Amino acid sequence: MHTACTPGVPKPSFWPLKCTRTIAQKPAEGLYIQGFMNRKFSVAPMMDWTDRHCRFFLRLLSKNALLYTEMVTTGALLNGDHERFLRHNEAEHPLALQLGGSVPLDLAACARMAQDHGYDEVNLNVGCPSDRVQNNMIGACLMGHPQLVADCVKAMRDAVSIPVTVKHRIGINGRDSYEELCDFVGTVRDAGCTSFTVHARIAILEGLSPKENRDIPPLRYDVAARLKADFPELEIILNGGIKTLEACHEHLQTFDGVMLGREAYHNPYVMAEVDQQLFGSKAPVITRAEALAQLRPYIAAHINAGGSMHHITRHVLGLGTGFPGARKFRQLLSVDIHKAKDPLALLDQAAALLEGR
45 MHTACTPGVP KPSFWPLKCT RTIAQKPAEG LYIQGFMNRK FSVAPMMDWT DRHCRFFLRL
105 LSKNALLYTE MVTTGALLNG DHERFLRHNE AEHPLALQLG GSVPLDLAAC ARMAQDHGYD
165 EVNLNVGCPS DRVQNNMIGA CLMGHPQLVA DCVKAMRDAV SIPVTVKHRI GINGRDSYEE
225 LCDFVGTVRD AGCTSFTVHA RIAILEGLSP KENRDIPPLR YDVAARLKAD FPELEIILNG
285 GIKTLEACHE HLQTFDGVML GREAYHNPYV MAEVDQQLFG SKAPVITRAE ALAQLRPYIA
345 AHINAGGSMH HITRHVLGLG TGFPGARKFR QLLSVDIHKA KDPLALLDQA AALLEGR
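First residue of the sequence shown: 45, per the numbering used here; consecutive thereafter.
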């Protein structure tokens, strides 16, 4: 058991871990500078949702939010079309690649790919409870193998100079005590990881679907807060159930950062004031209409390249909430889009419903 969690034992002092990038100084609030990772606000990696089109759209709403890819497995990168999986637009930065895997050498090779393709961070998934990934020793099941996770982190850190981070649960069934959580975090910290994103729920590895695992296990912000108190030298990012910027402000009194998941996808306009409220930006708050107008050239280019407008607009449906005409907006871009002969004209029709909003 690590001494940070042992009752009656003083907390040790830790030397700061060496940063592999040279950073002259912390950038001014509201300014993204490559090489400096500000994780105050981030959007979670979400399968089937946070693809490159979604990320480009979300970047229009916030210049400073850290964005994550969907989880990409090492097998997909090493044995599949890695260029397709790693493709992104430069406008998406700051951008992190989330990897799924448990073979240190494979993860190291994939981390090098991420760095070579310009990603700002590599994150290891230790939180996904899906049966499909468990069978390949990926995701939350790795919480039962802290030394293996440490070996994976060390292999990646040895291979790249960009930050290597971990996203995990507060436990799994059968290994859900606070002492075991501390053992996991302490072991991975000793391999050089200094930033942990904590989904403040345990994962039930048998009997619950991934969707149920996002709702049924209770949120335990108190456990995550205790972890931050016991490991003050680490960057602890809170994830799970956060829905408003007011909640973000509250949690930032305790944690180093907050990560939004489903709320940022289903209600993306919640991100419109992130830069102003959390990063000190003086820029005007973007409107819904402005966001869609700025997305239009990207959509047009995608169509001209042979793509379908629906690949992109499926991610913007959440802009249509809470105002008269919102339902029509969603219908145009989710139903009517499939029979439109002129998709951009349909987009303009939908955009007209956002005027003044």
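Ideal Cβ positions, reconstructed from N, Cα and C, are used throughout, including at glycine. In this text the structure is predicted, and so the values were computed from the model without any measurement.
Residue i in three-state terms, based on DSSP
{"i": "Asn-283", "result": "strand"}
{"i": "Arg-65", "result": "At Arg-65 the pLDDT is 31, less than 50, meaning the model places this residue with poor confidence; the figure from the coordinates comes in the next sentence. Residue state, collapsed to three classes: coil."}
{"i": "Asp-357", "result": "Correcting the residue identity first, residue 357 is Thr in this sequence and not Asp. In the structure shown, Thr-357 sits in a helix (DSSP, three-state: H, G or I)."}
{"i": "Met-115", "result": "strand"}
{"i": "Val-314", "result": "helix"}
{"i": "Val-329", "result": "coil"}
{"i": "Gly-366", "result": "coil"}
{"i": "Ile-182", "result": "coil"}
{"i": "Met-81", "result": "coil"}
{"i": "Ala-384", "result": "coil"}
{"i": "Leu-105", "result": "helix"}
{"i": "Glu-277", "result": "coil"}
{"i": "Asp-134", "result": "Checking the displayed sequence, the identity of residue 134 turns out to be Glu instead of Asp. Reduced to three states, the DSSP call for Glu-134 is helix."}
{"i": "Arg-99", "result": "helix"}
{"i": "Lys-70", "result": "Per-residue confidence for Lys-70 stands at a pLDDT of 44, beneath the threshold of 50, marking its modelled position as unreliable; the derived number appears in the next sentence. It is coil, neither helix nor strand."}
Residue(s) in a DSSP beta bridge with residue i
{"i": "Ser-86", "result": "Leu-110 and Met-303"}
{"i": "Thr-298", "result": "Per DSSP, none; premise fails for Thr-298."}
{"i": "His-212", "result": "Val-170 and Val-242"}
N-terminal and C-terminal residue of the alpha helix (DSSP H) that residue i is part of
{"i": "Lys-372", "result": "370-378"}
{"i": "Asn-123", "result": "118-123"}
{"i": "Cys-292", "result": "289-295"}
{"i": "Asp-195", "result": "190-203"}
{"i": "Lys-347", "result": "The sequence as given places Ile at residue 347; Lys does not occur at that position. Where Ile-347 is concerned, the enclosing alpha helix (DSSP H) stretches over 332-348."}
{"i": "Asp-92", "result": "Here Asp-92 belongs to no alpha helix (DSSP H), and DSSP marks it neither H nor E."}
{"i": "His-126", "result": "126-130"}
{"i": "Pro-387", "result": "387-396"}
Neighbourhood of residue i by C-beta, 6 Å cutoff - its chain only, sequence neighbours within 5 removed
{"i": "Gly-215", "result": "Leu-225 and Ile-246"}
{"i": "Ile-343", "result": "Met-353 and Ile-356"}
Cutoff 7 Å; reference residue i; Cβ partners in own chain excluding five residues on either side
{"i": "Leu-249", "result": "Pro-173, Gln-178, Ala-184, Cys-185, Ile-216 and Asn-217"}
{"i": "His-359", "result": "His-97, Cys-98 and Phe-101"}
{"i": "Lys-372", "result": "Leu-397"}
{"i": "Arg-131", "result": "Arg-96"}
Residue i: CB within 7 Å of a non-hydrogen atom of the ligand COA
{"i": "Arg-306", "result": "The model depicted lacks the ligand COA and carries no ligand whatsoever."}
Cut-off 8 Å between Cβ atoms - residues of its own chain near residue i, not counting five sequence neighbours on either side
{"i": "His-382", "result": "His-354"}
{"i": "Gln-393", "result": "Leu-376"}
{"i": "Leu-339", "result": "Phe-100, Phe-101, Leu-104, Ile-356 and Val-360"}
{"i": "Thr-118", "result": "Leu-143, Gly-144, Gly-145, Val-147, Asp-150, Leu-151, Ala-153 and Cys-154"}
{"i": "Val-267", "result": "Ile-214, Tyr-222, Leu-225 and Ala-244"}
Any chain B beta carbon closer than 8 Å to residue i
{"i": "Ala-291", "result": "Among the protein chains of the structure shown there is no chain B, as only one such chain exists."}
Every unbroken alpha helix (DSSP H) inside the segment 217-275 [4 residues or more]: Runs of the alpha helix (DSSP H) lying entirely within the segment 217-275 and spanning at least 4 residues, in chain order: 222-234, 254-257 and 265-274.
Within the segment 138-170, ranges of the beta strand (DSSP E) (whole runs, at least 3 residues): If we require 3 residues or more, the beta strand (DSSP E) runs fully inside the segment 138-170 come out as 139-144 and 165-170.
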